[in-house]
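There are 2 protein chains.
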Amino acid sequence: MRETELDQNGPRRRRAGAAARPGRGGPAITDVARLAGVSHQTVSRVLNEHPNVREQTRLRVLAAIKELDYHPSGAARTLATGRSTVLGVVTQNSTLFGPSSLLFGLEQAATSDFDVTVTTLRSLDGIALTRAVRRYIDQQVAGVVVIAPLVTARDALADLPERVPIVLVDGSPDAGKALVTADQSAGARLATEHLLSFGHRNIWHVSGPNTWLDSIGRVEGWQAALRDAGIPPPPLIEGDWSPASGYRAGHLLARIPEATAVFAANDHMALGIIRAMHELGRRMPEELSIVGFDDVPEAAFFSPALTTVRLDFTEIGHQAMQLLREQIESGGSASCRVVQPALVVRDSATAPPGDR
Amino acid sequence: MRETELDQNGPRRRRAGAAARPGRGGPAITDVARLAGVSHQTVSRVLNEHPNVREQTRLRVLAAIKELDYHPSGAARTLATGRSTVLGVVTQNSTLFGPSSLLFGLEQAATSDFDVTVTTLRSLDGIALTRAVRRYIDQQVAGVVVIAPLVTARDALADLPERVPIVLVDGSPDAGKALVTADQSAGARLATEHLLSFGHRNIWHVSGPNTWLDSIGRVEGWQAALRDAGIPPPPLIEGDWSPASGYRAGHLLARIPEATAVFAANDHMALGIIRAMHELGRRMPEELSIVGFDDVPEAAFFSPALTTVRLDFTEIGHQAMQLLREQIESGGSASCRVVQPALVVRDSATAPPGDR
DNA sequence: CCTGTCGTTGTGAGCGATCACATGGTTGAT
DNA sequence: ATCAACCATGTGATCGCTCACAACGACAGG
Numbered sequence: 164m165r166e167t168e169l170d171q172n173g174p175r176r177r178r179a180g181a182a183a184r185p186g187r188g189g190p191a192i193t194d195v196a197r198l199a200g201v202s203h204q205t206v207s208r209v210l211n212e213h214p215n216v217r218e219q220t221r222l223r224v225l226a227a228i229k230e231l232d233y234h235p236s237g238a239a240r241t242l243a244t245g246r247s248t249v250l251g252v253v254t255q256n257s258t259l260f261g262p263s264s265l266l267f268g269l270e271q272a273a274t275s276d277f278d279v280t281v282t283t284l285r286s287l288d289g290i291a292l293t294r295a296v297r298r299y300i301d302q303q304v305a306g307v308v309v310i311a312p313l314v315t316a317r318d319a320l321a322d323l324p325e326r327v328p329i330v331l332v333d334g335s336p337d338a339g340k341a342l343v344t345a346d347q348s349a350g351a352r353l354a355t356e357h358l359l360s361f362g363h364r365n366i367w368h369v370s371g372p373n374t375w376l377d378s379i380g381r382v383e384g385w386q387a388a389l390r391d392a393g394i395p396p397p398p399l400i401e402g403d404w405s406p407a408s409g410y411r412a413g414h415l416l417a418r419i420p421e422a423t424a425v426f427a428a429n430d431h432m433a434l435g436i437i438r439a440m441h442e443l444g445r446r447m448p449e450e451l452s453i454v455g456f457d458d459v460p461e462a463a464f465f466s467p468a469l470t471t472v473r474l475d476f477t478e479i480g481h482q483a484m485q486l487l488r489e490q491i492e493s494g495g496s497a498s499c500r501v502v503q504p505a506l507v508v509r510d511s512a513t514a515p516p517g518d519r
Numbered sequence: 164m165r166e167t168e169l170d171q172n173g174p175r176r177r178r179a180g181a182a183a184r185p186g187r188g189g190p191a192i193t194d195v196a197r198l199a200g201v202s203h204q205t206v207s208r209v210l211n212e213h214p215n216v217r218e219q220t221r222l223r224v225l226a227a228i229k230e231l232d233y234h235p236s237g238a239a240r241t242l243a244t245g246r247s248t249v250l251g252v253v254t255q256n257s258t259l260f261g262p263s264s265l266l267f268g269l270e271q272a273a274t275s276d277f278d279v280t281v282t283t284l285r286s287l288d289g290i291a292l293t294r295a296v297r298r299y300i301d302q303q304v305a306g307v308v309v310i311a312p313l314v315t316a317r318d319a320l321a322d323l324p325e326r327v328p329i330v331l332v333d334g335s336p337d338a339g340k341a342l343v344t345a346d347q348s349a350g351a352r353l354a355t356e357h358l359l360s361f362g363h364r365n366i367w368h369v370s371g372p373n374t375w376l377d378s379i380g381r382v383e384g385w386q387a388a389l390r391d392a393g394i395p396p397p398p399l400i401e402g403d404w405s406p407a408s409g410y411r412a413g414h415l416l417a418r419i420p421e422a423t424a425v426f427a428a429n430d431h432m433a434l435g436i437i438r439a440m441h442e443l444g445r446r447m448p449e450e451l452s453i454v455g456f457d458d459v460p461e462a463a464f465f466s467p468a469l470t471t472v473r474l475d476f477t478e479i480g481h482q483a484m485q486l487l488r489e490q491i492e493s494g495g496s497a498s499c500r501v502v503q504p505a506l507v508v509r510d511s512a513t514a515p516p517g518d519r
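Protein chains in written order, with this note's numbering: chain G, 164 to 519; chain B, 164 to 519.
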């Protein structure tokens, strides 16, 4: 397009027609430049909001951009600058409520500034994780977010090249990277203290796998709360987040008459426990008080409605993005943000039998 | 570059050392070429598995690649070829089980061939959807997958440029694009016929919002199954997928004594119904039989364990990727794949009161 | 021995942006 | 009036790769 009056009959450039173009995607920066009657560099300046462009020129360029429906090529820009607007997110291939909510929260927080690409790993072991992050680095992404709730992730991430802004979510602070995490321990404390406040003295815990940092933190919070109340913690029942494991734990608990309350490390295990109690004809919360963790959308509709601990995943996503932006813009340091959970009180906890 | 033995002491180019390099990402194709003693074009041929390269040369190049830990720059390749290995997925920002499982299934199916980038939309209206797809096209993605379970998506996608391979998932066939979808209607039939087989004659349905294609399909299947059995369908109760809406529907149903069975359009609404029945002291399945849809992981632990319809989201993801590959490779046509659901029988359905 | 074809490799020109630097016109201070 | 400083703009190189085409040698057929 464009060809001024001077060379109207000269040899045609590759891009002839204005709209339909054979080879590539859309119009290029030179097309805009020609239409606006400026150099490609001036167009580039307008695109990048460089201050030293006369307002009048700016508007001419903007008009040309609009007329041609021009969109700058990310590939070319990446090639020229050596950095891109793509964010890599590494997460685990699971439909667990936590990780998948986190992903959505992150995506939401990144909108418009960045393009988010996701790699889901079958297992979060060191090798797979390192490889995934390396691949992102090779692709010259602007930054990487690793959702790393597993212990195994910690060590793998320690010896990663420093080349790229990176934020861990739900990981452990000692990796030396920027980190956003939920205060699992505080959440567990909230849950346990809620049960303590009803007078329960024998509060059991069904945990997640001990390979999960979330799990470890919740165990610690539970134990700490009990100890602070001068109560020695009963043995730990380890589950695997699945309702099935909660169900098994429920059957186990049913055989322990002195257990009047249980804190489950997630809502789905709590559901398993509830199910077991239903089967055995135990009444809740009268015979067993239960507190869960996560506040999945359906928790309010369990029978009894589950008292649980809520995490604001959207907030976590926002914090992570903020930390990442800081690093991208100013090469900032490895700070750490902790998001506090909140107790959601419903019907699944009450005073123990003896108290009534 | 090039510096043969001749100018070894000449002025150093930007990239001096083999491994550590200041400016950009890693070694470039020319570095590999130099080390292997061939031209950059030969390296390119090896990278792209061009047939006419002598085996010996090939190996030399491969060795050089390995030694330098060279990774080709996606940006440069995209710029040069005009196409990339990035897949754009457009979905809705929800943590609903279906959409999010779909996303994971898709990601899994794409692994290694493509990089998947996700755009989550707050609402799937025409404008937002079109814009998201356009943005992907501007970025010269290799293909686009749209998870479009809403009616509103249908029209928006009809008048989209043909420039890019595109596959709809969970959309409607009349958009004229390639499509992978679950046979919602057949699933609903399965559920309804299961209830019919117990002798139920008065089978109600709690549907999803009528803006969802899934929802519409399930309603149709339910009605069709009833009509085939010579039973006029009772009025439809419309929910919104949430357990809360199921709960309300449950209370409504409780007032209708002749309703002996209900088919809920998803498991979480089924949970809401169950919850309402618990509250009202109705026994399930004796007083009300329930069948759900989705088979969420926790459905087996509802009380009663939920009979439901399962969709294989991994399969859907695979099919979508396959369709997309066909289009990318051969510019193929707009074929359509339908995945069949399966009934998962558990405890929430039994014969109606009168039959016992 | 000349010529044509094929397999293998190299050369140079893009792709579409940015960056470093050069240029020319205004200003304001000397 | 002179010079520096600054603004607005343009020029050409460059990023790392692929593409089109050229070049070269080997080997066949006339």
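Beta carbons: idealized from backbone N, C-alpha and C, even for Gly. Because the structure is a prediction, the values reported are computed rather than measured.
1) Can a CB atom of chain G be found closer than 9 angstroms to the CB of Ala182 (chain B)?
2) Given that Leu242 (chain G) touches chain B, what residues does it touch there, using C-beta distances under 9 angstroms?
3) Expressed to the nearest angstrom, what Euclidean distance is found between the alpha-carbon atoms of Val252 (chain G) and Thr241 (chain G)?
4) Against chain G, with Cβ distances strictly below 9 angstroms, would Glu461 (chain B) count as a contact?
5) With Leu376 (chain G) and Ile400 (chain G) assumed to form a contact (beta carbons below 8 angstroms), what rounded beta-carbon distance in angstroms separates them?
6) Report the neighbours of Phe464 (chain G) on chain B: residues whose CB is nearer than 7 angstroms to its CB, in chain order.
7) If you measure from the beta carbon of Phe456 (chain G) to each beta carbon in chain B, is any gap under 9 angstroms?
8) Measuring alpha carbon to alpha carbon, tell me which residue in G:Asn373, G:Phe426, G:Pro398 and G:Ser247 is nearest Thr315 (chain G).
9) Starting from the C-beta of Pro190 (chain G), find all residues in its chain whose C-beta is less than 6 angstroms away, skip the five residues before and the five after it, and write them out in chain order.
10) Residues of the stretch 476–497 of chain B in Cβ contact with chain G at a cutoff of 7 angstroms, in chain order, please.
11) If I'm right that Pro328 (chain G) touches Ile491 (chain G) with Cβ under 8 angstroms, what's the distance once you round it to whole angstroms?
12) Do we get a CB-CB distance below 9 angstroms when we pair Gln302 (chain G) with the residues of chain B?
13) Just how far apart, CA to CA, sit Asp288 (chain B) and Pro262 (chain G)?
14) Between Val195 (chain B) and chain G, is the shortest Cβ-Cβ distance under 9 angstroms, so that the two count as touching?
15) Would you kindly report the start and end of the unbroken beta strand (DSSP E) that includes Ser370 (chain G)?
16) State the start and end residues of the unbroken beta strand (DSSP E) segment that holds Leu284 (chain B).
17) Mind checking whether the beta-carbon of Asp430 (chain G) lies closer than 8 angstroms to any heavy atom of the ligand NAD?
18) Scan the stretch 274–305 of chain B for residues whose Cβ lies nearer than 7 angstroms to a Cβ of chain G and list them as they occur along the chain.
19) Give the DSSP-derived three-state secondary structure of Asp333 (chain G) in the structure shown.
20) Identify whether Phe426 (chain B) lies in helix, strand or coil by the three-state DSSP scheme.
21) Measuring only between beta-carbons, confirm whether Gly544 (chain B) sits less than 9 angstroms from chain G.
22) Look up Glu218 (chain B) in the DSSP assignment and say whether it is helix, strand or coil.
23) Along chain B, in chain order, which residues have C-beta atoms closer than 8 angstroms to that of Gly189 (chain G)?
24) Using the rule of at least 16 other Cβ atoms within 10 Å of the residue's Cβ for burial, across every protein chain shown, is Arg390 (chain G) buried or exposed?
25) First and last residue of the alpha helix (DSSP H) that includes Phe317 (chain G)?
26) Taking only beta-carbon atoms, is Asn256 (chain B) less than 9 angstroms away from chain G?
27) Just the Cα atoms here: how many angstroms apart are Val332 (chain B) and Val308 (chain B)?
28) What residues of chain B sit near His441 (chain G), judged by a beta carbon separation below 7 angstroms?
29) List, in order along the chain, the chain G residues whose C-beta lies closer than 9 angstroms to that of His431 (chain B)?
30) Between which residues of its own chain and His431 (chain G) is the CB-CB distance below 6 angstroms, once the five residues before and five after are set aside?
31) So which residues on chain G does Glu270 (chain B) lean against when the C-beta distance must stay under 9 angstroms?
32) When burial is assigned at 16 or more other CB atoms within 10 Å of the CB, is Gly517 (chain B) buried or exposed?
33) Would you decide whether Pro467 (chain B) is buried or exposed? Buried here means 16 or more other CB atoms lie within 10 Å of its CB.
34) Just tell me which of G:Arg221, G:Ser498 and G:Thr280 has its CA closest to the CA of Thr551 (chain G).
35) Is the beta carbon of Gly409 (chain G) closer than 9 angstroms to that of Arg438 (chain G)?
36) Quick test of the definition: if touching needs 3 or more C-beta pairs under 8 angstroms, does the stretch 381–388 of chain B touch the stretch 352–364 of chain B?
According to the structure shown:
1) With a pLDDT of 30 at Ala182 (chain B), under the threshold of 50, the modelled position of this residue cannot be trusted, and the question is left open.
2) Ser236, Ala238, Ala239, Thr241 and Leu242
3) 19 angstroms
4) yes
5) Contact flag wrong, Cβ pair sits at about 19 angstroms.
6) Pro406, Tyr410, Leu434, Gly435 and Arg438
7) no
8) G:Asn373
9) Leu231 and Tyr233
10) none
11) 5 angstroms
12) yes
13) 27 angstroms
14) no
15) Ile366 to Ser370
16) Asp278 to Leu284
17) Looking at this structure, you won't find the ligand NAD or any other ligand, since it has none at all.
18) Asp278, Val279, Thr280, Val281, Thr283, Asp301, Gln302 and Gln303
19) coil
20) strand
21) The displayed coordinates of chain B run from 164 to 519. Any statement about residue 544 (chain B) would go beyond what the structure contains.
22) helix
23) Asp301
24) exposed
25) According to the sequence shown, residue 317 (chain G) is Arg rather than Phe. It spans Val314 to Ala321 - the alpha helix (DSSP H) in which Arg317 (chain G) sits, taken as one unbroken run.
26) yes
27) 7 angstroms
28) Ser466
29) Pro460, Glu461 and Phe464
30) Pro406
31) Asn256, Val281, Thr282 and Thr283
32) exposed
33) buried
34) With chain G represented from 164 up to 519, any question about residue 551 (chain G) goes unanswered, as that position is not in the structure.
35) yes
36) yes
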